[in-house]
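Below is one structure, written out as structure tokens; comments come after it.
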């Protein structure tokens with residue numbers, strides 16, 4: 012068995028263990044036996060509120076962490092390969108900022124509701140729609156520029172600039188907003204895997220899985236891109252088309268995860284590096300599945316850490332992810348310098 | 103290098119010396135007549151012959167003074183040698199204040215209660231002020247909106263030449279920036295840091311003195327004090343009320359008021375059973391939904407504040423978070439929302455805790471009669 016396969020199996024095992032841990036561990040103590048019987052559908056004599064907590068809160072949260080972690084990590088990997096920049100990540104193109112701007116508009120300017128024609132939604136659905144529309148709008152913009160600008164680096168810079176513009180609009184909205192508005196926006200910005208309830212799970216999971224499958228299909232051209240654009244073209248890869256697909260897939264994955272979970276920091280940037288360190292290979296045939304699994308593992312781990320304070324509260328997700336993410340980035344930079 | 107060392111030591115010495123000077127407390131005079139404040143812990147007012155001294159304790163560093171004010175009645179300021187000139191490290195304010203920049207809407211509302219709204223010449227964040235009088239005057243040009251309260255437009259403040267600026271202090275805010283440098287006294291309205299609702303309200307005596315409405319302030323507070331206690335007594339006689347859950351989720355977090363917060367104390371005074379009553383936090387707790395469901399899922403009533411341009415319905419509430427339908431109060435429909443955009447909750451309750459207590463009493467003891475109609479909360 013190759014090293015890649017062994018690591019994938021190990022990561023899958025770790026994911027399974029952490030998944031169970033996510034169901035058992037939470038802000039309140041529910042005995043393991045009760046959790047098991049709730050999951051088996053044999054929940055007689057168990058408190059109904061506990062049933063709700065396990066089935067409607069912990070289970071979707073753990074599933075979301077797996078999907079979201081895998082989606083962000085694989086987006087980061089693809090962008091890092093395509094742009095030959097180890098510091099590229101899903102947030103680099105301003106897609107996160109686009110989602111943030113959409114949410115800021117709804118929360119801070121429109122008072123939490125969104126009306127299109129006669130349809131009016133408020134609360135969670137409005138935020139969700141705004142984030143998705145914002146992210147897709149930025150993606151469309153990047154797409155447009157990618158038809159004009161050939162250079163990868165220039166396209167990256169344009170992405171960063173769009174992010175800045177979105178952020179300046181966000182600061183302006185924040186400056187003039189109410190205390191509660193700023194607070195809700197802050198809380199959204201801190202990220203959470205708790206945003207997907209079972210009602211939305213099907214939609215969230217199917218779009219994410221679609222994106223993940225899409226990325227697996229890009230495995231081969233990505234390997235070709237590693238050799239450089241010229242070689243890749245000689246191998247019969249249509250660079251422009253690959254880049255378009257790549258933008259579409261990463262854009263979709265980032266948009267859907269940011270819409271539901273807020274801008275989750277660092278997973279997209281750091282996890283591909285963790286996978287590379289483990290596998291010591293650049294071959295996407297192994298690297299890509301390993302990155303997905305690793306993303307899921309890291310996300311599940313962060314999610315468990317968030318509820319560690321127990322009865323006394325929760326820690327925001329984005330306070331936890333950089334603790335795992337940032338040291339990895341520093342390590343990569345130091346290793347590159349040697 | 104040696105020169106640098108000497109320079110460093112010199113700088114340190116100067117710094118130490120100036121620190122020492124800042125904290126010196128002027129000797130207490132004997133003829134001072136301390137105003138007895140019943141509840142306020144951060145404020146003390148001492149009346150001397152011809153002037154008063156008000157000292158605000160630093161709420162974040164208990165041994166320090168936040169600000170000391172010398173209140174000198176107009177007319178006295180001409181006197182060549184009034185005793186007040188000996189007060190050191192104090193900000194002198196000539197009373198009554200005739201032109202005030204008031205950056206918090208609570209104090210705008212209070213001044214209106216005093217009948218002193220004519221002395222307001224500047225406000226901040228006028229968008230969020232719900233007092234019609236203020237907007238009318240802004241349109242007429244006799245009140246100026248100085249912009250964002252945390253970062254006001256200094257030129258506008260200088261232009262309206264106020265006698266004083268009323269604003270709310272923040273912990274470690276790093277001062278008030280340029281506003282401090284324009285030689286206009288800043289009145290730091292720190293009452294929101296008081297622990298009990300009545301202590302907070304009692305600060306109106308200080309504001310009354312500042313604006314020449316001393317009697318009015320004292321009489322309003324007397325009403326607040328007596329009606330608060332009367333209501334509390336009624337609650338005590340009525341025995342245990344319904345159990346109550348407070349506020350709702352923001353994103354993924356449910357910020358629950360701590361047992362010792364103002365609202366936590368008022369719930370106890372109203373006889374409500376509050377799941378976090380034994381908690382000793384005076385701020386709020388950030389909890390996961392499952393924790394709230396476990397401890398407060400069976401509460402009889404649910405009260406929350408929200409901000410929206412229309413009254414919320416149960417359906418809108420349910421759409422915000424699916425878990426809400428697990429709460430007993432939600433299922434039985436005992437849900438009361440206070441739309442802070444449309445009610446005067448934040449404007450009135452800090453200085454009129456009796457009005458809020460009456461409201462809580464009515465919700466927590468449905469059997470009680472002859473209470474005023476609900477003013478802030480509405481049943482969804």
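Residue numbers (our numbering), protein chains in the order written: chain A, 12 to 349; chain B, 103 to 482.
Backbone N, C-alpha and C define an ideal beta-carbon position, used for all residues, glycine too.
Subject >> Three-state secondary structure (DSSP) of residue 127 (chain B) >> reply: Here the model assigns residue 127 (chain B) a pLDDT of 41, short of 50, so the residue's position is not dependable, and the following value carries that caveat. Note: residue 127 (chain B) maps to coil in three-state DSSP.
Original post:
Does residue 389 (chain A) get closer than 8 Å to chain B when you measure Cβ to Cβ?
Top reply: A question about residue 389 (chain A) goes unanswered here, because the residues of chain A that appear run from 12 up to 349.
**OP:** Would you list the residues sitting across from residue 153 (chain B) in a DSSP beta bridge?
**Re:** B:150
Subject >> N- and C-terminal bounds of the beta strand (DSSP E) containing residue 170 (chain A) >> reply: First-last for residue 170 (chain A): 163–186, but that is the alpha helix (DSSP H), not the beta strand (DSSP E).
Original post:
Helix or strand or just coil, what does DSSP make of residue 27 (chain A)?
Top reply: helix
Original post:
What do you reckon, are the CB atoms on residue 312 (chain A) and residue 92 (chain A) nearer than 8 Å?
Top reply: Contact flag unset, no.
**OP:** Name, please, each residue of chain A whose Cβ falls closer than 7 Å to the Cβ of residue 230 (chain B).
**Re:** 189
Subject >> Extent of the continuous beta strand (DSSP E) run through residue 210 (chain B) >> reply: Membership of residue 210 (chain B) in any beta strand (DSSP E) is not indicated; the residue belongs instead to the alpha helix (DSSP H) covering 207–216.
Original post:
residue 355 (chain B) touches chain A at which residues, Cβ-Cβ below 7 Å?
Top reply: 198 and 325
Subject >> Against chain A: residues of the region 372–400 of chain B by CB proximity under 7 Å >> reply: 387, 388, 389, 390, 391, 392, 393, 395, 396 and 399
Original post:
Does the count of Cβ pairs from the region 205–214 of chain A and the region 223–232 of chain A closer than 8 Å reach three?
Top reply: no
**OP:** Specify the secondary structure class of residue 240 (chain A) as computed by DSSP and reduced to three states.
**Re:** helix
Original post:
If you compare alpha carbons, which of B:348, B:158 and B:210 is closest to residue 192 (chain B)?
Top reply: B:158
**OP:** Spell out whether any CB of chain B is found under 8 Å from the CB atom of residue 36 (chain A).
**Re:** no
Original post:
Residues of chain B with a CB under 7 Å from the CB of residue 136 (chain A): which are they?
Top reply: 421
**OP:** Using three-state DSSP, classify residue 328 (chain B) as helix, strand or coil.
**Re:** DSSP places residue 328 (chain B) in helix when its eight states are reduced to three.
Original post:
What are the boundary residues of the beta strand (DSSP E) that includes residue 189 (chain A)?
Top reply: The continuous stretches of beta strand (DSSP E) do not include residue 189 (chain A), and DSSP gives it neither H nor E.
**OP:** Please check the pair residue 287 (chain B) and residue 222 (chain B), which I expect to be a contact at CB under 8 Å, by giving their CB distance rounded to whole angstroms.
**Re:** So it is not a contact: roughly 16 Å between Cβ atoms.
Original post:
Does the region 145–161 of chain B come close enough to the region 171–181 of chain B to have 3 or more Cβ pairs within less than 8 Å?
Top reply: Enough Cβ pairs lie closer than 8 Å, so yes.
**OP:** Just the C-alpha distance for residue 68 (chain A) and residue 148 (chain B), rounded to the nearest angstrom, thanks.
**Re:** 57 Å
Subject >> Bridge partners - residue 359 (chain B), DSSP secondary structure assignment >> reply: B:386
Original post:
Smallest Cα separation from residue 263 (chain A): which of A:89, A:147 and A:152?
Top reply: A:147
Original post:
Any residues in the region 51–85 of chain A with a beta carbon nearer than 7 Å to a beta carbon of chain B? Which ones, in chain order?
Top reply: Considering only beta carbons, the part of the region 51–85 of chain A lying closer than 7 Å to chain B consists of 60, 63, 64, 67 and 68, in chain order.
Subject >> For residue 153 (chain A) and residue 159 (chain A), the rounded distance between their alpha carbons >> reply: Rounded to the nearest angstrom, the two C-alpha atoms are 10 Å apart.
Original post:
Taking buried to mean at least 16 other C-beta atoms within 10 Å of its own C-beta, is residue 94 (chain A) buried or exposed?
Top reply: buried
Original post:
Could you give the residue range of the alpha helix (DSSP H) that holds residue 59 (chain A)?
Top reply: For residue 59 (chain A), the uninterrupted alpha helix (DSSP H) run begins and ends at 59–63, by DSSP.
Original post:
In three-state DSSP terms, what is residue 348 (chain B)?
Top reply: strand
Original post:
Taking the alpha-carbon positions, what's the residue 34 (chain A) to residue 138 (chain A) distance?
Top reply: About 27 Å.
**OP:** Would you grab the beta carbon distance between residue 211 (chain B) and residue 450 (chain B) for me? Rounded to a whole angstrom, and I think it's under 8 Å.
**Re:** 6 Å
**OP:** Can you tell me which of B:165, B:200 and B:353 puts its alpha carbon nearest to the alpha carbon of residue 422 (chain B)?
**Re:** B:353
Subject >> Neighbourhood of residue 435 (chain B) by C-beta distance below 6 Å, restricted to the same chain and skipping five residues each side >> reply: none
Original post:
Does the distance from the CB of residue 325 (chain A) to the CB of residue 388 (chain B) come in under 8 Å?
Top reply: yes
Original post:
Do the CB positions of residue 246 (chain B) and residue 262 (chain B) come within less than 8 Å of each other?
Top reply: yes
**OP:** Kindly confirm or deny that the region 321–338 of chain B and the region 248–265 of chain B touch, where touching means at least three C-beta pairs closer than 8 Å.
**Re:** no
Subject >> Anticipated Cβ contact below 8 Å, residue 142 (chain B) with residue 317 (chain B), distance rounded >> reply: Residue 142 (chain B) to residue 317 (chain B), Cβ: 19 Å. No contact.
Original post:
By Cβ distance below 6 Å, which residues in the same chain neighbour residue 280 (chain B) in space, the five residues on each side in sequence not counted?
Top reply: If we look at residue 280 (chain B) and ignore the five residues flanking it on each side, its Cβ neighbours are 256.
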